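**Q**
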Amino acid sequence: MSRSFYVTTPIYYINSDPHIGSAYTTIVADVVARYKRMMGYDTFFLTGTDEHGQHVLRAAQKAGKDPKEFADELASRFVKLWKDLGITNDAFIRTTDDFHMKTVQDFFQKMYDKGDIYLGKYEGWYCVNCETFWTEKDLGEEKVCPTCHRPLEHIEEENYFFKLSKYTEPLLKHFKEHPDFVEPDFRRNEMLKILESGLEDVSVSRTSFDWGVPIPFDPKHVVYVWFDALINYVSAIGYGRNEEMFNKYWPADVHFIGKEINRFHSLIWPAMLMSVGLPLPKKIFAHGWLTVNGEKISKSKGNAVDPRILMKAYGIDALKYYLLRDIQFGHDGDFSEDNLITRINADLANDLGNLVHRTLAMISQNFDSLPTPKDEGEHDEELKDLTLKTIDEYFKFMDAFKFTQALESIWKLIRFGNKYIDLTEPWLLARDESKKNRLATVLYNLSDVIRNVSIMLSPILSNTSEEIFKRMGQTAKSMEDLGWHKTLSNTPIKVEKPLFPRIDTKKWKKVIIMTEEKKENVEKVSGSSKPQVTIDDFAKLDLRVARIVAAERIPKSEKLLKLQLEVGEEKRQIVAGIGKVYTPESLIGREIIIIFNLKPAKLMGVESNGMLMAAKDGEKLRLLTVDGYVDPGAKIS
Ligand code: MSP
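Pasting the structure below:
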């Protein structure tokens, strides 16, 4: 029976277009799936889209569309993107698929029957963007989402709850018995900390909207979108429908995810599985976050580019190579277009491209086809040893998802291949008929290095490897073909254009164009961390003198004061974070400076219509005032 391997990506929310950050997980998972297939595993690679919940519903409403119609349109964009990027997923699940919705209902029912679901009332905070419930203890004074920093909504609903607390101990035990259940280890430790402080029950249904999977025994509730989404990992492989398939692939070998959704995958999902009596996934690997050209990915910055644009400009192989080589998998990293170009020129065009080109050109100049090795000589042993050592290291690193290290190791071999050419000087051997046998060996050895390198690179430089095999007349396809002197001799050689043309950085037009706003940020005023502004920028602010006529503390806040102001004829209320430094009484009658035309906001539920100005030096804080009396409402210019 063949060994199986099951790898997954998160299923992506459909409400925004995928960018290089969201493509990252899929690209990595694809590399792993390709690698495992080449190792002979019966591999199943799953990705898909997460289509229910309030966030998607609101996006659909905003677009004036029926949510299903909206979901169909957006999900198809993901399907197309993965196809265009050459992603080899075996299935694409959508949470609106009937079979999935049915599985979610069955799963939920099982948990209910087990006594793990109860009806209660949820009162607290919710981030619609992340579809996450937050409790007071997770939050500071300002009610913003700890993950995405967007304002939270306060909800009060009748909800079903999952007895997550009951699984604290079993989970702790599992973490202890399986030290590599969650990787990297610093992510595992974060989860352990949460576990050690004890888990609380979680709300798992919603009643204020109906875009979701109805709970079978109480259909006015829909299943909480995260519960619905996590179940995709078992529904896609036939849980409850196709036992043979399910037993072949479950438990998953690895769930690849971003670090921000680790809690759902490493705590809640395993507890759900324990509740229905299923084995837990073997590993959850939470990688870091990418910025692009040093900035958080965002449309307004112009760096949320469609990965296809990068692929068209640089090729999919180079893009994959760069992502796996330069970003240490597991850690946060920056996608820099300049560094991508450097990698293409140095590693791909120069090191790899030259090795292949020089070797194949010399073979075709001196032989009819790929020669058979004859006379051994100096440096051969060294080349052989390094090749075998690289193969060993490659498996070790790839199995541990240490892609950067795997590639570094391969590149040491490539560079030594180029050095071997310099040391053995085949161009001199070619001039002397009596050294033809030695020349044959040198060129065969080099071909053997190239063949091994191409096999190892196949999961990443998939098209390039294929092209190299073609040029050398090789048929190798699997990891079993790795090894010394396994290259087929007497095969026809083709010398063609360079595999990776060098990019002339002086003439090249980069594809990630940051917006004007970003460019200005680069032209910083000396000594300031902020960009220069024009007088027009300044003129956008309406600064006024205001008089404080009343002040009081906001309950439960140390810092916030509610101030009533007179600004000319107008009365204003603002909330100011100065309560640690000023008492309310000391403020009455003072003249201060405020931003009059700031958009109103709510702080701890209290409306603030404007903002006062203060000078801040560490903990020290002083109000800005005027030098002498002027009438409140006076403009500042
Ligand atoms: N729908 C949930 C996941 C449910 S899985 C059962 C979700 N979707 S998401 O669209 O927000 O995608 C999140 C995933 O996209 C992250 O976990 C990560 O894998 C990937 N990334 C999105 N932006 C990213 C970066 N800037 N950098 C790296 N990965 C990022 O959460």
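Those letters in the sequence shown? Residues 2 to 638, per this note's numbering, in order. A virtual CB, placed ideally from N, CA and C, is assigned to each residue, including glycine. In this text, all values refer to a predicted model and were calculated from it rather than measured experimentally.
1) Using the rule of at least 16 other Cβ atoms within 10 Å of the residue's Cβ for burial, across every protein chain shown, is L324 buried or exposed?
2) Quick one: Cα of M275 to Cα of H332, how far?
3) Check the DSSP bridge columns for P215 and list the partner residues they point to.
4) Is it right to say I310 is buried, meaning 16 or more other beta carbons lie within 10 angstroms of its own, or is it exposed?
5) When the Cα atoms are used, what is the spatial distance from F6 to K495?
6) In this structure, how does DSSP classify K69 when only helix, strand and coil are distinguished?
7) Could you have a look at R503 and say whether DSSP puts it in helix, strand or coil?
8) Would you report the Cα separation of K221 and I156, rounded to the nearest angstrom?
9) From K603 to S558, what distance separates their C-alpha atoms?
10) With distances taken Cα to Cα, identify the nearest neighbour of G378 among D335, L424, L341, D393.
11) Is the distance from the Cβ of A477 to the Cβ of T373 below 8 Å?
12) Could you tell me whether the Cβ atoms of R326 and L408 are closer together than 8 Å?
13) DSSP three-state call for E132: helix, strand or coil?
14) Starting from E649, trace the alpha helix (DSSP H) both ways and give me its first and last residue.
15) Would you say the region 192 to 201 touches the region 234 to 245, given that touching needs at least three Cβ pairs under 8 Å?
16) With hydrogens ignored, establish whether the beta-carbon of P68 is closer than 7 Å to any heavy atom of ligand 1.
17) Mind checking whether the beta-carbon of T26 lies closer than 7 Å to any heavy atom of ligand 1?
18) For W83, which residues of its own chain have a beta-carbon under 8 Å away from its beta-carbon, when the five flanking residues on both sides are left out?
19) Tell me which residue opens and which closes the beta strand (DSSP E) that V454 is part of.
20) Quick check: the Cα distance between I15 and P147, rounded to an integer number of angstroms?
21) Report the CB separation of I258 from A230 in whole angstroms; it is logged as a contact under 8 Å.
22) Alpha carbon to alpha carbon, how far is F265 from W227? Give it in angstroms, no decimals.
23) If you draw a straight line from the alpha carbon of S209 to that of D400, how long is it in whole angstroms?
24) L624 by DSSP, collapsed to three states: which one?
25) Suppose the cutoff is 6 Å on Cβ atoms and the five residues either side in sequence are ignored; what does the same chain contact list for I328 look like?
26) If I follow the unbroken alpha helix (DSSP H) through E409, where does it start and stop?
27) Given F470, which residues of its chain have a CB within under 8 Å of its CB, disregarding the five upstream and five downstream residues?
28) Is any heavy atom of ligand 1 found at a distance shorter than 7 Å from the C-beta of L231?
29) Are the CB atoms of L500 and T535 nearer to each other than 8 Å?
30) Taking Cβ to Cβ, would you say A547 is nearer than 8 Å to I579?
31) Kindly indicate which three-state DSSP category E338 falls into: helix, strand or coil?
32) In three-state terms, what does DSSP make of Q62?
33) Grab the span of the beta strand (DSSP E) containing E592 for me, first residue to last.
34) Could you tell me if E518 is buried or exposed, where buried requires 16 or more neighbouring beta carbons within 10 angstroms of its beta carbon?
35) Can we say the region 337 to 351 touches the region 311 to 322, given the rule of at least three CB pairs closer than 8 Å?
36) Our contact map puts E132 next to T97 with C-beta atoms below 8 Å; I'd like the distance itself, whole angstroms only.
**A** According to the structure shown:
1) buried
2) 30 Å
3) Note: P215 sits in a beta bridge opposite V223.
4) exposed
5) Rounded to the nearest angstrom, the gap between the Cα atoms of F6 and K495 is 37 Å.
6) helix
7) coil
8) 17 Å
9) 14 Å
10) L424
11) no
12) In this structure, L408 lies closer than 8 Å to R326 by Cβ.
13) coil
14) Look at the range of the chain in this structure, 2 to 638, and you will see that residue 649 is not part of it.
15) Put simply, the region 192 to 201 does not touch the region 234 to 245. Fewer than three CB pairs are less than 8 Å apart.
16) no
17) yes
18) T27, T48, N90, F93
19) First-last for V454: 437 to 458, but that is the alpha helix (DSSP H), not the beta strand (DSSP E).
20) 22 Å
21) With a contact defined as Cβ atoms closer than 8 Å, I258 and A230 miss out at about 11 Å.
22) Each residue's Cα considered, the two are about 8 Å apart.
23) Straight-line spacing of the CA atoms in S209 and D400 works out to 45 Å.
24) DSSP, read as helix, strand or coil, puts L624 in strand.
25) G334
26) 404 to 425
27) Closer than 8 Å at the Cβ level, and outside the excluded window around F470, lie R452, S455, T476, A477.
28) Correct: L231 has its Cβ closer than 7 Å to ligand 1.
29) no
30) no
31) The answer is helix: DSSP assigns E338 an H, G or I state.
32) helix
33) 592 to 596
34) Caution applies to E518, whose pLDDT of 41 falls short of 50 and renders its modelled position unreliable; the value that the coordinates give is listed next. By the neighbour-count rule (16 or more Cβ atoms within 10 Å), E518 is not buried but exposed.
35) yes
36) Taking 8 Å as the upper bound for CB-CB distance, E132 and T97 are not in contact here, some 16 Å apart.
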